[in-house]
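Under mature numbering (1 follows the signal peptide of the UniProt record, and there is no 0), the residues of the sequence shown are numbered -29 to -1, 1 to 192, in order. For every residue, glycine included, the Cβ atom is placed at its ideal position computed from N, Cα and C. All values derive from a computational prediction rather than experimental measurement. For reference, the structure is listed below as structure tokens.
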Amino acid sequence: MSRILNVAGMAAVGMTAASMLLLAEPGFASDLAADANIPAIILPGADAPEVEGEAELPTQAEAPVEDSIKIETEADPAPTPAPVTAASLAELVAATPAPAEIDPELRCLAGAVYFESRGESLPGQLAVAHVVINRANSGRFPKSLCGVVHQKSQFSFVRGGRMPAIRKGAQWDNAVAIAQIARDGTWKNRAPGALFFHARYVSPGWRKTRIAQIDNHIFYR
């Protein structure tokens, strides 16, 4: 019995040795190792064997970066005030807004209208305003409106080079509006190009070209 066991043991050892020889043969190691799920030993410097059936892990794609769109916005220009239109000079005077602050030049022009013609009609006041403007633009008188108004011996209401105090009210408001209209040229002047005027009850004996008479004033150039 023991002999039979010894023979069987020797046969088993022989089969094991044969199997080891087969595993050592080239061409069989990788196949058998794969079939038997035996891990292969990779020597340093050797290429790693390819393993069939190994799924490649998906790599997360980078989200495309969109170029930022720059929206160029242009600053809106300041709105231009609509021109004031009117059927008559009186309507235009009423529609002309008073300035928040009266600059010195406008004050001098309105002062001349106020002191020289506040009792005249609106066309008469406008003609007086244009005389001041025409003088400033003529090259024969001071170049500024205040220079024209304060010029010595030109306007009787100016005393000592100064304008009297102005009494605020409707007449002053009209004078300011007339001064703006004359300065902006938004209404036709009945005495175009006039540089001089006087009250009709005086006779200065001027040898000048008469242009027009409006109310109590006669205008010349």
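- Going by the beta-carbon positions, is the gap between G98 and A141 smaller than 9 Å? Correcting the residue type first, residue 98 is Ala in the shown sequence and not Gly. In this structure, A141 does not lie closer than 9 Å to A98 by Cβ.
- Message: Counting beta carbon pairs with one atom in the segment 111 to 119 and one in the segment 173 to 185, are three or more of them shorter than 8 Å?
- Response: Not touching, per the Cβ criterion.
- Query: For the segment 176 to 190 against the segment 123 to 142, are there 3 or more C-beta pairs whose distance is under 8 Å?
  - Reply: Contact between the segment 176 to 190 and the segment 123 to 142 is absent, because fewer than three Cβ pairs lie under 8 Å.
- How far does the alpha helix (DSSP H) with I149 in it reach, from first residue to last? Start and end: A141 to D155.
- For the putative contact between A100 and A150, defined by C-beta atoms under 8 Å, what is the C-beta separation to the nearest angstrom? Cβ-Cβ separation between A100 and A150: approximately 6 Å, consistent with a contact (criterion under 8 Å).
- Query: From what residue to what residue does the beta strand (DSSP E) around H169 run?
  - Reply: Counting along the chain, the beta strand (DSSP E) containing H169 begins and ends at F167 to A170.
- Task: Have a look at L80 and G156 and give me their C-alpha separation to the nearest angstrom.
- Result: So the two alpha carbons sit approximately 14 Å from each other.
- Item | CB contact flag (A61, L93, <9 Å) | L93 is positioned such that its CB atom lies closer than 9 Å to that of A61.
- Query: Run through DSSP, which three-state label would A96 get?
  - Reply: Note that residue 96 corresponds to Gln in the displayed sequence, not to Ala. Helix, per DSSP.
- Item | R130 (DSSP reduced to helix, strand or coil) | Secondary structure of R130 (DSSP, three-state): strand.
- Message: Quick check on this structure: which residue in A71, R78 and Y191 has the alpha carbon closest to the alpha carbon of A153?
- Response: For the residues A71, R78 and Y191, the minimum Cα distance to A153 belongs to R78.
- Message: Going by DSSP, what residue range makes up the beta strand (DSSP E) through R192?
- Response: Neither: R192 is in no beta strand (DSSP E) and is coded neither H nor E.
- Task: Express the C-alpha separation of S124 and G82 in angstroms, rounding to a whole number.
- Result: Between G82 and S124, the alpha-carbon positions lie close to 16 Å from each other.
- Task: Tell me A136's beta-bridge partners as DSSP assigns them.
- Result: In the DSSP output, where bridge partners are listed per residue, A136 has none listed.
- Query: Are the beta-carbon atoms of L166 and R138 separated by less than 9 Å?
  - Reply: If you check the CB distance, L166 and R138 do not come in under 9 Å.
- Is I104 helix, strand or coil by DSSP? Helix.
- Item | Three-state secondary structure (DSSP) of A65 | A65 falls in the helix class under three-state DSSP.
- If you drop the 5 nearest sequence neighbours on each side, which residues of the same chain put their C-beta closer than 7 Å to that of K179? Residues F167, Y191 and R192 of the same chain have their beta carbon placed closer than 7 Å to that of K179, with the five preceding and five following residues left out of the count.
- What does a CB cutoff of less than 7 Å around A69 pick up in its chain, not counting 5 residues either side in sequence? Scanning its chain for C-beta atoms nearer than 7 Å, with the 5 sequence neighbours on each side dropped, one finds around A69 the residues D144 and V147, in chain order.
- Where V102 and I189 are concerned, what is the direct C-alpha to C-alpha distance, given to the nearest angstrom? Here the alpha carbons of I189 and V102 stand approximately 12 Å from one another.
- Give the single residue among G95, N160, C117 and H121 whose Cα lies nearest to the Cα of E76. Across the set G95, N160, C117 and H121, the C-alpha of C117 shows the shortest separation from the C-alpha of E76.
- Task: With R181 as the anchor, note down where its beta strand (DSSP E) starts and where it stops.
- Result: Segment R181 to I185, the beta strand (DSSP E) holding R181.
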